[in-house]
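Quick note: the sequence shown, position 51, residue 53 per our numbering, numbers continuous.
Read the structure below first, then the notes.
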Amino acid sequence: MRILVILLLFAYTVSGQQQPNIIYIMSDDHDNDAISAYNKQFISTPNIDRIAKEGMKFNKAFVGNSICSPARATLLTGQHSHKNGVKNNFTRFDSSKTTIAHLLSKAGYQTALIGKWHLHSYPAGFDYWRILPGMGQYFDTRMIKMNGDTIVEKGYSADVITNDAIDWLDQIDAKKPFALFFHHKAPHRNFVPALKYLEQYRSKTFPEPATLYHDTAGRSSAWRIQTMSILHDMKLCGDLKVDPEYLMDIPDLKPDANDIATYTAIMKRMPDKERDRFKEIYAERGRLIRDKKLSGKELLKYKYQWYMQDYLACIASIDESVGRILDYLDKNEISDKTVVIYTSDQGFYLGENGWFDKRFAYDVSMQTPLLVRWPGEINAGTENKNLVQNIDFAPTLLDIAGAKIPEWMQGVSLKSLLTGQQRNLPRKYLYYHYYEFGKDHTVIPHVAIRSDRYKLIYFYTVNEWELYDLLYDPAEQKNLIRSSNHQAIVNQLKTELNKLRDQYDDHEAAGELK
């Protein structure tokens with residue numbers, strides 16, 4: 003009889019309301035520095051910060067392949083890209099694979115995915131989904147419903163997606179736990195803020211990174227051929243929405259037909275009552291370029307400021323959305339029963355090295371924000387400095403749900419770190435592999451290993467190595483690969499990198515890395 007009672011209690015814990023609800027919020031290209039819980043010099047994000055204040059902030063969370071689709075496939079599978087099959091932004095995810103959605107459903111959860119999907123297939127295993135086609139649009143975005151129909155939802159994307167999420171929460175069974183995967187489009191290019199936030203940020207001036215004006219002279223092939231430069235590669239009309247009318251007579255800045263078409267398409271989607279004001283703001287930028295005859299470093303100075311204004315104004319809408327979700331939980335008295343996670347699919351360059359975008363194994367793009375609130379389990383205001391990675395997210399969610407973690411998942415559960423049962427993970431190194439080349443930003447494929455102090459990167463198609471001491475060079479500016487004082491650490495990290503390739507069964511960069 004006693005055994006039967008224990009088994010019944012266990013079943014109730016695994017399949018009943020004792021399991022916490024889960025809300026996993028993931029934005030797109032949201033860099034740590036654009037969250038005030040991490041860095042207060044650019045923006046105030048009080049709602050996202052609330053998750054950190056009432057939970058745990060991870061200071062060393064990273065991804066294994068810093069690009070949109072692969073990061074999303076890793077969330078679903080707990081696997082690196084070579085195992086889940088999505089190495090780049092152009093590969094279709096095989097929805098017949100078992101994912102965290104199937105496993106959470108099996109554990110008794112009501113599941114939904116709402117927002118950005120970007121995996122070229124339809125979601126499977128979720129009880130409900132409504133997704134953006136591709137990257138979606140900022141205004142009046144199309145949404146694909148579960149029956150395959152595509153509809154247009156009027157309004158700003160962050161508001162629309164939040165409305166859909168709350169609608170789903172209102173309709174589910176209150177007696178069963180739920181897992182909501184809530185994925186924002188913002189702040190992905192092209193950066194189009196809601197007008198109220200563009201008005202707020204357009205007059206702000208942001209501090210420039212120390213490396214904004216650095217050039218690539220003497221640097222590696224990867225630095226020389228990348229096309230991530232704010233000055234040279236960020237489009238004035240498409241990315242920054244400078245009115246093309248003011249650039250037509252400037253030979254070096256004259257937009258091509260594609261740039262003009264992008265600008266026109268963006269303007270057409272804006273609300274009729276707000277479009278004129280958007281045009282005025284973008285015309286101001288055009289007149290400034292024309293009248294000041296901006297070029298070179300002076301042009302970069304302005305492009306950087308416009309970029310930051312638009313990017314951070316997009317994030318302001320995300321923070322508002324997070325606030326709505328947290329208020330919903332409070333209003334419905336389920337905050338203490340719900341785990342809330344905030345993260346991004348990767349980091350993003352905010353002018354460091356003069357760049358935007360991501361992809362590299364350098365910390366700016368490899369790092370991602372990770373904030374977790376779990377009332378009653380996580381001590382408020384906790385910070386964690388363990389090396390964690392996005393392969394860990396799926397195992398962690400399953401562990402929180404009381405579900406078994408499959409052996410084929412390559413990450414580890416972070417639950418013991420969250421609850422304080424464990425202070426340190428035994429893992430000393432993180433593995434990174436970037437594949438995509440040629441279609442966007444021409445970042446050379448590479449593998450990397452990161453420890454608490456050092457990072458070793460191998461650009462294997464050009465046979466070039468880089469070593470950085472993150473303690474003394476956190477901005478990763480001084481390549482120590484030829485330093486006689488660092489050959490022992492180079493050899494050690496090469497050995498460990500080979501071990502990680504064996505551990506994760508990744509041998510695309512053929513041969514032993516010598």
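Just so it is clear, CB atoms sit at the ideal spot from N, CA and C, and this is done for glycine as well.
It should be emphasised that the depicted structure is a prediction, and the values quoted were computed from it without experimental measurement.
Provide the residue(s) that pair with residue i in DSSP beta bridges, ordered along the chain.
i              : result
aspartate 471  : Tyr456
threonine 340  : Asn23
methionine 137 : Bridge partners of methionine 137: none, in fact.
glutamate 466  : Phe461
threonine 345  : Met28 and Leu372
isoleucine 45  : Isoleucine 45 pairs with nothing; no bridge assigned.
tyrosine 158   : Phe141
Between the C-alpha atoms of residue i and residue j, what's the straight-line distance to the nearest angstrom?
i                 : j                 : result
asparagine 165    : leucine 473       : 44 Å
glutamine 505     : lysine 406        : 21 Å
valine 366        : tryptophan 170    : 35 Å
histidine 443     : alanine 396       : 29 Å
asparagine 392    : threonine 370     : 9 Å
aspartate 175     : phenylalanine 128 : 15 Å
tyrosine 14       : leucine 106       : Residue placement at tyrosine 14 is flagged as unreliable, the pLDDT there being 41, under the threshold of 50; the coordinate-derived value follows with that caveat. Those two C-alpha atoms are separated by around 15 Å.
glutamate 276     : tyrosine 215      : 35 Å
valine 492        : lysine 299        : 37 Å
lysine 360        : valine 445        : 9 Å
phenylalanine 358 : alanine 188       : 15 Å
threonine 497     : leucine 458       : 11 Å
threonine 266     : aspartate 258     : 12 Å
asparagine 91     : leucine 121       : 8 Å
threonine 340     : alanine 39        : 21 Å
lysine 430        : leucine 331       : 37 Å
proline 319       : arginine 221      : For the record, residue 319 in the displayed sequence is serine; it is not proline. Cα to Cα, serine 319 sits roughly 38 Å from arginine 221.
lysine 85         : asparagine 487    : 37 Å
serine 2          : proline 125       : Here the chain has residues from 3 to 516 only, and residue 2 is not among them.
glycine 388       : arginine 144      : Looking at the sequence itself, residue 388 is asparagine, so the reference to glycine does not match. If you take the alpha carbons of asparagine 388 and arginine 144, they lie about 40 Å apart.
glutamate 201     : arginine 484      : 49 Å
tyrosine 26       : serine 297        : 43 Å
lysine 441        : lysine 237        : 16 Å
Which stretch, first to last residue, makes up the beta strand (DSSP E) that contains residue i?
i              : result
lysine 118     : 112–118
methionine 145 : 144–146
histidine 435  : 432–436
histidine 186  : No beta strand (DSSP E) holds histidine 186; DSSP gives it neither H nor E.
lysine 59      : 58–60
Below 8 Å on the Cβ atoms is my contact criterion, and I expect residue i with residue j to pass it. Report the Cβ-Cβ distance as a whole number of Å.
i                 : j                : result
methionine 368    : phenylalanine 64 : 5 Å
asparagine 49     : valine 244       : Rounded, the Cβ-Cβ distance is 31 Å, inconsistent with contact.
leucine 416       : valine 449       : That pair is no contact at about 24 Å.
glutamate 354     : alanine 477      : 7 Å
leucine 290       : tyrosine 306     : Not a contact, Cβ separation roughly 14 Å.
isoleucine 1      : valine 374       : Outside the modelled stretch of the chain, which goes from 3 to 516, sits residue 1, for which no answer is possible.
phenylalanine 193 : cysteine 316     : 5 Å
serine 123        : phenylalanine 95 : 5 Å
lysine 55         : glycine 383      : 6 Å
aspartate 471     : tyrosine 456     : 6 Å
leucine 372       : arginine 279     : About 37 Å; that fails the 8 Å criterion.
Along the chain, where does the alpha helix (DSSP H) that runs through residue i open and close?
i                 : result
asparagine 386    : It is not in any alpha helix (DSSP H) - asparagine 386 instead sits in the beta strand (DSSP E) that spans 384–386.
threonine 152     : Not the alpha helix (DSSP H): threonine 152 falls in the beta strand (DSSP E), residues 152–154.
arginine 503      : 489–506
valine 324        : 298–333
phenylalanine 128 : Element bounds for phenylalanine 128: n/a, residue is neither H nor E.
phenylalanine 395 : 395–402
phenylalanine 280 : 274–294
asparagine 90     : No alpha helix (DSSP H) contains asparagine 90, which DSSP labels as neither H nor E.
asparagine 41     : Counting along the chain, asparagine 41 falls outside any alpha helix (DSSP H), and DSSP gives it neither H nor E.
arginine 74       : 70–79
asparagine 260    : 259–271
From the options, pick the residue whose C-alpha is nearest to that of residue i; which is it?
i              : options                           : result
threonine 93   : Ser415, Ile69 and Ala109          : Ile69
methionine 2   : Tyr130, Gly138 and Gly157         : There is simply no residue 2 to check, as the chain begins at 3 and stops at 516 in what is shown.
tyrosine 158   : Asp151, Gln173, Ile174 and His186 : His186
aspartate 560  : Leu469, Ser485 and Tyr436         : Since the displayed the chain opens at 3 and closes at 516, residue 560 lies outside it and no answer follows.
glycine 117    : Asn90, Tyr313 and Leu182          : Leu182
histidine 32   : Asp394, Gly422, Gly349 and Asn426 : Gly349
tryptophan 119 : Val414, Arg74 and His104          : Arg74
threonine 113  : Pro22, Arg52 and Tyr470           : Pro22
leucine 249    : Leu427, Trp376, Tyr330 and Lys295 : Lys295
aspartate 329  : Arg52, Leu115 and Tyr26           : Arg52
asparagine 334 : Leu255, Ile168, Thr213 and Leu302 : Ile168
lysine 501     : Ile402, Tyr434 and Asp254         : Tyr434
threonine 213  : Ile483, Asp475, Ser486 and Asn487 : Asp475
asparagine 426 : Glu466, Glu385 and Ile24          : Glu385
proline 273    : Asp241, His82, Glu155 and Pro246  : Glu155
threonine 79   : Pro135, Gln412 and Leu499         : Gln412
serine 223     : Ala403, Trp410, Phe362 and Leu420 : Phe362
glycine 136    : Phe439, Met58, Arg191 and Asn41   : Arg191
glutamate 247  : Arg271, Arg292 and Asp217         : Arg292
Using a Cβ-Cβ distance cut-off of 7 Å, determine whether residue i contacts chain C.
i          : result
valine 154 : Considering every chain present, this structure includes no chain C. It has just one protein chain.
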